[in-house]
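In numbering that gives the first Met the number 0, the protein residues as written are 0 to 138.
Using N, Cα and C, we set each Cβ at its ideal position, and we do this for glycine too.
Okay, structure first, notes after.
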Amino acid sequence: MARLYAQFGAVVFLAVGLGGLLSGDAGTLVHHQPQGSVGPMALHLTYVRDVLDLVIGGVLAFAGTLAQERIAGEIVLTIGVVLLLLALIGFANPDSAAATRSIVGVHFTLPMNILDAVAGALGVLCGLGGSATEATATG
0 MARLYAQFGA
10 VVFLAVGLGG
20 LLSGDAGTLV
30 HHQPQGSVGP
40 MALHLTYVRD
50 VLDLVIGGVL
60 AFAGTLAQER
70 IAGEIVLTIG
80 VVLLLLALIG
90 FANPDSAAAT
100 RSIVGVHFTL
110 PMNILDAVAG
120 ALGVLCGLGG
130 SATEATATG
């Protein structure tokens, strides 16, 4: 399960990271509105968050393709815990509509907090679930 999660998560986080780079930085105001959003959805993406998403996507791509099964499970579990921590910080310190609240250059908007919470919970479950080869070897 961990390898499948890593492959799917790599696609998601690489797409979010590249999309964020193309949408701009929330620290830049144009017509008194923060950039880094997609259409009407206020994501307030920053370059720091974009790089973080690209790193997570790259690590998950490694875990999903090249890493051994046990290492892939550990990577997925670690990424899951990191994402859950990001979601916890985000829910405790949400960003404002004017993008005035950030921590270390990362704005924590509700859509990103939900993505982090869901992806983190699934990552922890997949990381703790073991691999399909372990299940067939013991069963």
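Here's a check: name, in chain order, each residue in its chain whose Cβ is nearer than 8 Å to the Cβ of GLY104, leaving out the five neighbours to either side. Numbered from 1 along the sequence shown, position 105 holds the residue referred to as residue 104. Cβ within range, chain order: GLY26, THR45, TYR46, VAL47, ARG48.
Report yes if the CB atom of ALA86 is closer than 7 Å to the CB atom of ASP52, and no otherwise. Against the sequence shown, residue 86 aligns to sequence position 87. Against the sequence shown, residue 52 aligns to sequence position 53. No, the pair does not count as a contact, with Cβ atoms beyond the cut-off.
Own chain, CB closer than 6 Å to GLY126, minus 5 neighbours either side, in chain order: Locating residue 126 in the sequence shown gives position 127, where the first residue counts as 1. ALA1, GLY72, VAL75, LEU76, GLY79, listed in sequence order.
Taking buried to mean at least 16 other C-beta atoms within 10 Å of its own C-beta, is VAL54 buried or exposed? On the sequence shown, residue 54 is found 55 positions in, with the first residue counted as 1. By the 10 Å Cβ count, VAL54 comes out exposed.
Hey, out of LEU82, VAL123, GLY122, ALA120, whose CA is closest to PHE107's CA? In the sequence shown, the residue the question calls residue 107 occupies position 108. Comparing Cα-Cα distances from PHE107 to each of LEU82, VAL123, GLY122, ALA120, the minimum goes to LEU82.
Opposing strand residues paired with ILE102 [DSSP bridges]: To locate residue 102, count along the sequence shown from 1; it is residue 103. ILE102 pairs with VAL105.
Can you check the region 60–124 for any alpha helix (DSSP H) of at least 4 residues that lies completely inside it and give the ranges in chain order? 68–91
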